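Visitor: Protein chains in written order, with my numbering: chain G, 45 to 356; chain P, 10 to 366.
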Amino acid sequence: MSATVAPALSVRGLRKAYKDVVAVDGLDLEVRPGECFGLLGPNGAGKTTTVEICEGLTAADGGEVVVLGRRWGRDDRELRELLGISLQETQFSEKLTVLETVRLFRSFYARGPVPQAVISMVQLDEKANGRVGQLSGGQKQRLALACALVGAPELLFLDEPTTGLDPQSRRQLWELIEEFRAGGRSILLTTHYMEEAERLCDRVAVMDHGKVIALGTPRELIASLEAEHVLEFAVGDGAAIEADTLRRLDGVCSAVRRDGSWQLQVTELHRAMPALLAELRREGTQLTELRTHSPTLEDVFVSLTGRHLRDD
Amino acid sequence: MTDLTHPGPAPRRIHPLAQLTLVRYLEFVREPEAVFWVFIFPVLLAAGLGIAFRSRPAERMAVAVPTSTPGAEGLAAALRHDDRLTVRVLDDSTATRALRVGDVALLLAAADSGRIEYRYDDRRPESRTARLIVDDAIQRAAGRRNPIGVVDRQVSEPGSRYIDFVVPGLLGMNLMGSGIWGIGFSIVDARRKRLLKRLIATPMSRPQYLASFVLSRLTWLVLEVGLLLGFAVLVFGVPVRGSLLELAVICLLSALSFASIGLLLASRARTVEGVSGLMNLVMLPMWIFSGVFFSASRFPDAIQPLIRALPLTAVINALRASMLQGASLRAIALELAVITAWLVVSFPLALRIFRWK
Numbered sequence: 045m046s047a048t049v050a051p052a053l054s055v056r057g058l059r060k061a062y063k064d065v066v067a068v069d070g071l072d073l074e075v076r077p078g079e080c081f082g083l084l085g086p087n088g089a090g091k092t093t094t095v096e097i098c099e100g101l102t103a104a105d106g107g108e109v110v111v112l113g114r115r116w117g118r119d120d121r122e123l124r125e126l127l128g129i130s131l132q133e134t135q136f137s138e139k140l141t142v143l144e145t146v147r148l149f150r151s152f153y154a155r156g157p158v159p160q161a162v163i164s165m166v167q168l169d170e171k172a173n174g175r176v177g178q179l180s181g182g183q184k185q186r187l188a189l190a191c192a193l194v195g196a197p198e199l200l201f202l203d204e205p206t207t208g209l210d211p212q213s214r215r216q217l218w219e220l221i222e223e224f225r226a227g228g229r230s231i232l233l234t235t236h237y238m239e240e241a242e243r244l245c246d247r248v249a250v251m252d253h254g255k256v257i258a259l260g261t262p263r264e265l266i267a268s269l270e271a272e273h274v275l276e277f278a279v280g281d282g283a284a285i286e287a288d289t290l291r292r293l294d295g296v297c298s299a300v301r302r303d304g305s306w307q308l309q310v311t312e313l314h315r316a317m318p319a320l321l322a323e324l325r326r327e328g329t330q331l332t333e334l335r336t337h338s339p340t341l342e343d344v345f346v347s348l349t350g351r352h353l354r355d356d
Numbered sequence: 010m011t012d013l014t015h016p017g018p019a020p021r022r023i024h025p026l027a028q029l030t031l032v033r034y035l036e037f038v039r040e041p042e043a044v045f046w047v048f049i050f051p052v053l054l055a056a057g058l059g060i061a062f063r064s065r066p067a068e069r070m071a072v073a074v075p076t077s078t079p080g081a082e083g084l085a086a087a088l089r090h091d092d093r094l095t096v097r098v099l100d101d102s103t104a105t106r107a108l109r110v111g112d113v114a115l116l117l118a119a120a121d122s123g124r125i126e127y128r129y130d131d132r133r134p135e136s137r138t139a140r141l142i143v144d145d146a147i148q149r150a151a152g153r154r155n156p157i158g159v160v161d162r163q164v165s166e167p168g169s170r171y172i173d174f175v176v177p178g179l180l181g182m183n184l185m186g187s188g189i190w191g192i193g194f195s196i197v198d199a200r201r202k203r204l205l206k207r208l209i210a211t212p213m214s215r216p217q218y219l220a221s222f223v224l225s226r227l228t229w230l231v232l233e234v235g236l237l238l239g240f241a242v243l244v245f246g247v248p249v250r251g252s253l254l255e256l257a258v259i260c261l262l263s264a265l266s267f268a269s270i271g272l273l274l275a276s277r278a279r280t281v282e283g284v285s286g287l288m289n290l291v292m293l294p295m296w297i298f299s300g301v302f303f304s305a306s307r308f309p310d311a312i313q314p315l316i317r318a319l320p321l322t323a324v325i326n327a328l329r330a331s332m333l334q335g336a337s338l339r340a341i342a343l344e345l346a347v348i349t350a351w352l353v354v355s356f357p358l359a360l361r362i363f364r365w366k
């Protein structure tokens with residue numbers, strides 16, 4: 045196995061249980077060099093546990109983890125120099141400035157860019173001498189990214205880098221991650237935002253209950269639905285519709301009911317829509333909502349689990 | 010965009026230990042409350058105690074003669090000649106109550122066959138003093154002559170006053186407090202914020218992280234000790250009879266030792282409340298037993314070895330010996346050994362059991 049084709053990260057049969065909860069249940073995954081790999085799943089799917097085992101911060105109960113051809117417990121010192129890590133919910137010292145914080149993290153690594161260069165990269169130049177306590181949520185996440193980049197890592201771990209951010213801050217962070225990836229290094233990223241995974245990731249593993257339930261490029265996963273459209277509708281109270289009735293409609297592949305509204309995966313919208321309207325008219329039911337959109341990773345998750353990625 | 014793909018070693022990279030220590034220093038100066046407690050409070054405390062316990066002319070002893078005592082007024086008049094006494098003639102129940110609540114130190118009542126009865130509590134030092142003064146006054150008034158002539162010459166020498174005793178105690182207490190509080194809170198706070206976990210995800214050396222807390226204490230030591238000591242010397246004339254260099258060595262060793270104890274206390278706690286309780290639990294016995302405000306020798310002999318093994322006792326005894334008696338380091342070798350023992354046990358133990366996540 046030559047160094048150029050060896051995976052950046054390889055995980056086989058990973059297991060981890062906390063007291064009575066199985067967090068990771070026989071997980072396999074592989075991040076290729078130069079790839080941005082996404083772990084997509086709802087809260088509690090085991091994403092963070094998986095990532096922290098790969099980062100050498102949590103011990104696994106079983107399985108094999110090889111990071112950049114090295115192993116935890118044997119090559120720790122070397123690995124720490126090669127990895128960039130952004131944890132979920134780290135609060136940096138509020139009394140220090142951005143520059144002081146980055147300079148501190150830079151001092152731990154043998155190599156890497158100067159602190160100012162990293163600060164420029166994450167576009168915090170104007171805040172370089174501002175206290176960390178004064179930063180907005182998006183700026184704090186960019187600082188976390190800066191601290192992950194100070195050692196010029198070969199492999200970057202980002203655990204929910206944009207959770208809780210407004211759409212604008214999120215897009216700004218996405219651009220920064222894309223720039224880093226353009227430099228040819230590998231990224232493992234966890235998220236429960238489907239649009240984040242679709243935009244950033246070359247390949248995505250959909251996780252649920254500690255297992256990978258689907259793996260592929262976002263395009264492949266969406267194509268696996270065999271639906272060109274997703275049609276969502278809701279009807280007035282008291283109207284009873286059978287799922288089987290909907291599934292028999294022309295052009296409909298599947299029908300799932302959630303929170304009082306229906307989701308139909310549809311191959312041919314121009315045939316499914318009139319069929320649906322005709323069926324509802326026949327039953328004398330009033331539509332209260334009607335929407336269609338192109339299928340997303342969210343729909344992949346829904347079709348695999350019957351649940352949504354986010355509970356909200 | 011900045012090119013991060015061909016990074017070289019950065020020029021002028023500061024050693025991580027220096028960076029970590031600098032960060033501790035910055036975090037501290039940017040916390041005004043901490044600055045107050047470490048620097049201003051001990052000086053205020055020394056000032057308050059110095060004023061409260063300043064040397065004053067000896068107090069007059071209050072004694073009472075109940076009206077039921079035969080010749081009460083004559084007895085009182087005889088005693089009033091002695092300027093060490095304040096004499097009151099009170100009715101019986103008032104006099105008894107005054108003795109009970111400590112308004113007077115002694116009652117004079119009549120006993121049989123012309124004798125006088127002194128009624129007082131032997132466990133109260135002022136009552137015993139009053140007993141001696143009253144008896145002396147009565148016997149002299151009755152015509153006693155002293156067989157040997159004596160002359161009193163009063164002295165007030167720096168080194169024997171309460172302020173001289175208490176300043177080394179405050180210095181020791183301050184070294185303990187700032188070492189333990191200063192370190193405990195910031196470590197537990199970093200753990201709670203998951204900053205510790207983030208730091209160990211870097212190549213940072215863990216011993217260096219902990220050492221930075223201990224080292225940063227030293228940067229403050231000069232100010233912390235200098236301010237309190239300078240105030241005590243200039244305002245109250247507290248003596249520093251030992252060598253300043255040796256005093257600095259004692260303070261340095263003490264600060265390192267308390268900082269290590271602080272690390273040990275903070276090594277497991279997950280919450281600020283948890284570590285506060287633990288720190289108070291450890292410091293409270295030392296506040297009481299280590300002789301900050303009064304001599305530790307007042308406690309029973311049986312527990313003296315334990316008291317001497319407490320780090321604060323050793324620190325305060327060493328400081329007192331050096332400042333007040335001019336003792337050399339050799340003379341306080343035992344105390345220095347106790348302080349060092351706490352240091353060499355606490356730091357490695359803290360490092361071993363430290364919870365990073």
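We put the beta carbon where it would ideally sit given N, CA and C, even for glycine.
All values reported here derive from a predicted model rather than from experimental measurement.
Could you please tell me which residues of the region 199–214 of chain P, in chain order, have their CB closer than 9 Å to any CB of chain G?
Guide: Residues passing the 9 Å Cβ filter: Ala199, Arg201, Lys202, Arg203, Leu204, Lys206, Arg207, Leu208, Ile209, Ala210, Thr211, Pro212, Met213 and Ser214.
Visitor: Contact criterion: CB-CB distance below 8 Å. Does Val32 (chain P) meet it with respect to chain G?
Guide: On the second sequence, position 23 is the one that residue 32 (chain P) refers to. It does: the Cβ of Val32 (chain P) has a partner Cβ on chain G nearer than 8 Å.
Visitor: Is it a yes or a no for the region 134–149 of chain P touching the region 173–190 of chain P, going by three-plus beta-carbon pairs under 8 Å?
Guide: no
Visitor: Please list the partners that Arg124 (chain G) has in chain P, where partner means a Cβ-to-Cβ separation under 9 Å.
Guide: As a working note, residue 124 (chain G) is residue 80 in the first sequence. In chain order: Ile209, Ala210, Thr211, Pro212 and Met213.
Visitor: Return no unless some Cβ of chain P is closer than 8 Å to the Cβ of Glu222 (chain G).
Guide: For the purposes of this step, residue 222 (chain G) is taken as residue 178 along the first sequence, with counting starting at 1. So no, Glu222 (chain G) is outside the interface.
Visitor: Given that Leu35 (chain P) touches chain G, what residues does it touch there, using C-beta distances under 8 Å?
Guide: Mapped onto the second sequence, residue 35 (chain P) falls at position 26. Within chain G, the residues near Leu35 (chain P) are Lys139, Leu140 and Glu144.
Visitor: On the CB-based measure, 16 or more other CB atoms within 10 Å of its CB, does Asn289 (chain P) come out buried or exposed?
Guide: To locate residue 289 (chain P), count along the second sequence from 1; it is residue 280. Exposed, by the Cβ-count rule.
Visitor: Could you tell me whether the Cβ atoms of Leu83 (chain G) and Thr93 (chain G) are closer together than 8 Å?
Guide: The sequence position of residue 83 (chain G) within the first sequence is 39, counting from 1. The sequence position of residue 93 (chain G) within the first sequence is 49, counting from 1. Not in contact: Leu83 (chain G) and Thr93 (chain G) (Cβ atoms no closer than 8 Å).
Visitor: Spatial neighbours of Leu338 (chain P) within its chain, please: C-beta separation below 7 Å, excluding the five flanking residues on both sides.
Guide: Locating residue 338 (chain P) in the second sequence gives position 329, counting from the first residue. Here the set comprises Glu255, Val258 and Leu345.
Visitor: Can you list, in chain order, the stretches of the beta strand (DSSP E) that have 3 or more residues and sit fully within the region 142–207 of chain G?
Guide: For the region 142–207 of chain G, whole beta strand (DSSP E) runs of length 3 or above, ordered along the chain, are 199–203.
Visitor: Who are the neighbours of Phe136 (chain G) on chain P, taking C-beta pairs under 7 Å?
Guide: Taking the first sequence and counting its residues from 1, one reaches residue 136 (chain G) at position 92. What Phe136 (chain G) touches in chain P: Leu204.
Visitor: Run through DSSP, which three-state label would Tyr171 (chain P) get?
Guide: By one-based count along the second sequence, residue 171 (chain P) stands at place 162. Three-state result, Tyr171 (chain P): helix.
Visitor: Would DSSP call Leu321 (chain G) helix, strand or coil?
Guide: As a working mapping, residue 321 (chain G) is identified with position 277 in the first sequence. Note: Leu321 (chain G) maps to helix in three-state DSSP.
Visitor: Looking at the C-beta of Leu112 (chain G), does it have a partner C-beta in chain P at a distance below 8 Å?
Guide: Looking up residue 112 (chain G) in the first sequence gives position 68. Not an interface residue.
Visitor: Which first and last residues belong to the beta strand (DSSP E) in which Tyr62 (chain G) is found?
Guide: Locating residue 62 (chain G) in the first sequence gives position 18, where the first residue counts as 1. Element bounds for Tyr62 (chain G): Leu53 to Tyr62.
Visitor: Just to confirm my understanding: we take Gly113 (chain G), look at its own chain, exclude 5 residues before and 5 after, and list those with CB closer than 6 Å. What are they?
Guide: The residue you call residue 113 (chain G) lines up with position 69 of the first sequence. Ala50, listed in sequence order.
Visitor: Could you work out which residues of chain P lie near Tyr153 (chain G), taking near to mean beta carbons separated by less than 8 Å?
Guide: Your numbering for residue 153 (chain G) matches position 109 in the first sequence. Within 8 Å Cβ-Cβ: Thr211 and Pro212.
Visitor: Can you give, in chain order, each stretch of the beta strand (DSSP E) that sits fully within the region 35–90 of chain P and has at least 3 residues?
Guide: Correct list: 70–75.
Visitor: Go to Gly271 (chain P), then tell me how far its alpha helix (DSSP H) extends in each direction, as first and last residue.
Guide: Residue mapping note: residue 271 (chain P) aligns to position 262 of the second sequence, counting from 1. Taken as a continuous stretch (DSSP letters only), the alpha helix (DSSP H) holding Gly271 (chain P) covers Leu253 to Leu274.
Visitor: Strictly by DSSP, which residues pair up with Cys80 (chain G)?
Guide: Here the question's residue 80 (chain G) lines up with position 36 in the first sequence. Paired residues: G:Ile231.
Visitor: Taking Met70 (chain P) as the reference, which of P:Ser252, P:Ala327, P:Val113 and P:Ala118 has the closest Cα?
Guide: As a position in the second sequence, residue 70 (chain P) is number 61, starting the count at 1. Closest in C-alpha terms to Met70 (chain P), from the list P:Ser252, P:Ala327, P:Val113 and P:Ala118, comes P:Val113.
Visitor: Can you list, in chain order, the residues of its chain whose CB lies under 7 Å from that of Tyr218 (chain P), leaving out five sequence neighbours each side?
Guide: On the second sequence, residue 218 (chain P) is found 209 positions in, with the first residue counted as 1. Excluding sequence neighbours, Tyr218 (chain P) sits near Leu29 and Leu208.
Visitor: With 7 Å as the limit, tell me which residues of the region 232–243 of chain P have their beta carbon closer than that to any beta carbon of chain G; keep them in chain order.
Guide: For the region 232–243 of chain P, the set of residues with a beta-carbon nearer than 7 Å to any beta-carbon of chain G is empty.
Visitor: At what residues does the beta strand (DSSP E) containing Met277 (chain G) begin and finish?
Guide: The residue you call residue 277 (chain G) lines up with position 233 of the first sequence. It is Phe, not Met, that sits at residue 277 (chain G) in the sequence shown. In the DSSP assignment, Phe277 (chain G) falls within the unbroken beta strand (DSSP E) covering His273 to Val279.
Visitor: Would DSSP call Leu117 (chain P) helix, strand or coil?
Guide: Against the second sequence, residue 117 (chain P) aligns to sequence position 108. Here Leu117 (chain P) sits in strand by DSSP.
Visitor: For chain G, check one thing: does any of its Cβ atoms lie closer than 8 Å to the Cβ of Gln334 (chain P)?
Guide: What you label residue 334 (chain P) is simply residue 325 of the second sequence in a count that begins at 1. No, Gln334 (chain P) lies away from the interface with chain G (no Cβ there is under 8 Å from its Cβ).
Visitor: Under DSSP, the beta strand (DSSP E) around Tyr218 (chain P) begins and ends at which residues?
Guide: Here residue 218 (chain P) refers to the residue found at position 209 of the second sequence. Careful: Tyr218 (chain P) lies outside any beta strand (DSSP E), inside the alpha helix (DSSP H) at Arg215 to Phe245.
Visitor: Let me know the secondary structure DSSP gives Lys139 (chain G) once reduced to three states.
Guide: On the first sequence, residue 139 (chain G) is found 95 positions in, with the first residue counted as 1. Here DSSP, grouped into helix, strand and coil, assigns Lys139 (chain G) to coil.
Visitor: Would you check if the distance between the CB atom of Gly59 (chain P) and the CB atom of Phe245 (chain P) is smaller than 8 Å?
Guide: For the purposes of this step, residue 59 (chain P) is taken as the residue at position 50 of the second sequence. For the purposes of this step, residue 245 (chain P) is taken as the residue at position 236 of the second sequence. Yes, the Cβ-Cβ distance between Gly59 (chain P) and Phe245 (chain P) is below 8 Å.
Visitor: For Cys98 (chain G) and Ala350 (chain P), what's the separation of their Cα atoms in angstroms?
Guide: Locating residue 98 (chain G) in the first sequence gives position 54, where the first residue counts as 1. Locating residue 350 (chain P) in the second sequence gives position 341, where the first residue counts as 1. The straight-line gap from Cα to Cα measures roughly 40 Å.
Visitor: Whose Cβ in chain G lies nearer than 7 Å to the Cβ of Ile189 (chain P)?
Guide: Taking the first residue of the second sequence as 1, we reach residue 189 (chain P) at position 180. Here the premise fails: no neighbours, minimum Cβ distance about 20 Å.
Visitor: Return the CA-CA distance between His24 (chain P) and Val110 (chain G), expressed in angstroms with no decimal places.
Guide: Within the second sequence, residue 24 (chain P) is the residue found at index 15, counting from 1. Within the first sequence, residue 110 (chain G) is the residue found at index 66, counting from 1. Those two C-alpha atoms are separated by around 31 Å.
Visitor: Using the three-state DSSP reduction, which class does Asp252 (chain G) fall into: helix, strand or coil?
Guide: What you label residue 252 (chain G) is simply residue 208 of the first sequence in a count that begins at 1. Strand at Asp252 (chain G).
Visitor: Are three or more beta carbon pairs between the region 264–281 of chain G and the region 295–314 of chain G nearer than 8 Å?
Guide: yes
Visitor: Which residue wins for smallest C-alpha separation from Ser285 (chain P), given the options P:Val324, P:Pro357, P:Ile189 and P:Val242?
Guide: For this step, residue 285 (chain P) is matched to residue 276 along the second sequence. The option with the nearest alpha carbon to Ser285 (chain P) is P:Ile189.
Visitor: Kindly say whether Arg215 (chain G), judged by its beta-carbon, lies nearer than 8 Å to any beta-carbon of chain P.
Guide: Along the first sequence, read from residue 1 onward, the residue named residue 215 (chain G) stands at position 171. No, its Cβ sits nowhere closer than 8 Å to a Cβ of chain P.
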